[in-house]
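Throughout the sequence shown, residue numbering follows my numbering, covering 3 to 300 in sequence.
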Amino acid sequence: MASKSFLDELTPTQRVIAGVVILVIAGVVALVRSRQEGHPPGPQGDQQTLENRNVRFGLPAEAKHDPANREAYLIDRPQYVLSYNDATKNPNWVCWNLTASDIGTAERDTSFEPDPDLPKDFYRVKSSDYAASGFDRGHMCASKDRSNSKEDNEILFYMTNIVPQSQNNNQKGWRLLEEHCRSLAKKNSELYIACGPHGRGGASRDEVKHFTIGKSHPIVVPESVWKVVMVLPNKTAAPSADTPVFAVWMPNDQTVGSDWKKYVVPVSTVEQRTGYKFFPLVPDDVAGPLKTHTDRVP
Numbered sequence: 003m004a005s006k007s008f009l010d011e012l013t014p015t016q017r018v019i020a021g022v023v024i025l026v027i028a029g030v031v032a033l034v035r036s037r038q039e040g041h042p043p044g045p046q047g048d049q050q051t052l053e054n055r056n057v058r059f060g061l062p063a064e065a066k067h068d069p070a071n072r073e074a075y076l077i078d079r080p081q082y083v084l085s086y087n088d089a090t091k092n093p094n095w096v097c098w099n100l101t102a103s104d105i106g107t108a109e110r111d112t113s114f115e116p117d118p119d120l121p122k123d124f125y126r127v128k129s130s131d132y133a134a135s136g137f138d139r140g141h142m143c144a145s146k147d148r149s150n151s152k153e154d155n156e157i158l159f160y161m162t163n164i165v166p167q168s169q170n171n172n173q174k175g176w177r178l179l180e181e182h183c184r185s186l187a188k189k190n191s192e193l194y195i196a197c198g199p200h201g202r203g204g205a206s207r208d209e210v211k212h213f214t215i216g217k218s219h220p221i222v223v224p225e226s227v228w229k230v231v232m233v234l235p236n237k238t239a240a241p242s243a244d245t246p247v248f249a250v251w252m253p254n255d256q257t258v259g260s261d262w263k264k265y266v267v268p269v270s271t272v273e274q275r276t277g278y279k280f281f282p283l284v285p286d287d288v289a290g291p292l293k294t295h296t297d298r299v300p
């Protein structure tokens, strides 16, 4: 006579409970395995999308409009889309679309303001937190990239779009890179831009290395800033094998001069250093080769 299995000895109710337990354990194992392999929870290949022209080709990394998501809080605006980190008091990344129509004659707003749309229990960085720090209040999405109206320009002065930038970085190489991007847009190109800070420890204008600024709520000073740019001929064009795509990785210190092109790197290098994936909605067979070049700066 064959011996009974463990399940044969259970009542119907106990069998149901055992089945549920097995499913839960299988789910936990799958989740742990996915994280060990570097994949986010959920079906691989799924990409977060927004109905926002600034992220037409997807977000570099997951972010949520959820106060519990303190280190990747999503801010979704007509002017830009960003992921804010309450731990560093910096944006993780900022994405925007730049066209000729975004560039106008609106006067630059000079009033840096706390972002009113942050959750109540987040610290809202103030302009005064940068006082006497030796660092510029450095825009990620540049002020002139939204100079078509006073209202659009004001939004760029929320402190969630700002990081502590070395004076030479902000006023020399980074500024000239921004001007180059606008010059392309004025030729009726359509630019898709992502940028952000990376690491800890930058040099102030007196060449002293600082890891944070601010007194009551430390703001991380990045070691570097990066920018990724895709240039398309018009707003309906799709990326192809010939699409100009380039990236810049610039140290946040006083060694930076006017030649921003010396800091050009492959987009794949920025992806490796940050863990982000740029333009994730572009098919990999198109995007992959574009991300390996350093000779595609238009």
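Ideal placement from N, C-alpha and C gives every residue a C-beta, glycine not left out. All values reported here derive from a predicted model rather than from experimental measurement.
Pro80 and Arg55 have their C-alpha atoms spaced approximately 8 Å apart.
For the segment 129-164, the continuous alpha helix (DSSP H) assignments of 4+ residues that do not extend past its boundaries occur at 152-157, in sequence order. Here Lys293 is buried, its C-beta having at least 16 other C-beta atoms within 10 Å.
Spanning the alpha carbons of Ile164 and Pro93 requires a straight line of approximately 7 Å. Under DSSP, Thr214 shares a beta bridge with Val222. For Ala144, the closest alpha carbon among the candidates Gln256, Met161, Arg72 and Gly203 is that of Met161.
Runs of the alpha helix (DSSP H) lying entirely within the segment 44-120, each at least 4 residues long, are absent.
Its chain contains Cys197 and Val250 as the residues whose beta carbon lies nearer than 6 Å to that of Lys229, once the 5 sequence neighbours on both sides are disregarded; these appear in chain order.
In the pairwise beta carbon analysis, the segment 180-191 is classified as touching the segment 223-241: at least three pairs are separated by under 8 Å.
Where Pro253 is concerned, there is no enclosing alpha helix (DSSP H), although the beta strand (DSSP E) around it starts and stops at Val247 to Pro253.
Lys263 sits in a helix when the DSSP states are folded into three classes.
By the Cβ neighbour-count rule, Ser191 is buried, with 16 or more other Cβ atoms within 10 Å of its own. With respect to Val210, Trp176 sits apart: the two C-beta atoms are not nearer than 8 Å.
In the three-state reduction of the DSSP assignment, Val227 falls in the strand class.
Here Lys237 is exposed, its C-beta having fewer than 16 other C-beta atoms within 10 Å.
Under the three-state reduction of DSSP output, Ala205 falls in the strand class. Per the C-alpha coordinates, the member of Ser168, Ile195, His295 and Pro166 positioned closest to Glu180 is Ile195. The C-beta distance from Pro241 to Val284 rounds to 5 Å, short enough to meet the 8 Å contact threshold. Asp119 is positioned such that its CB atom lies no closer than 8 Å to that of Ile157.
Here Trp98 is actually not in contact with Asp138; their C-beta atoms are around 20 Å apart, not less than 8 Å.
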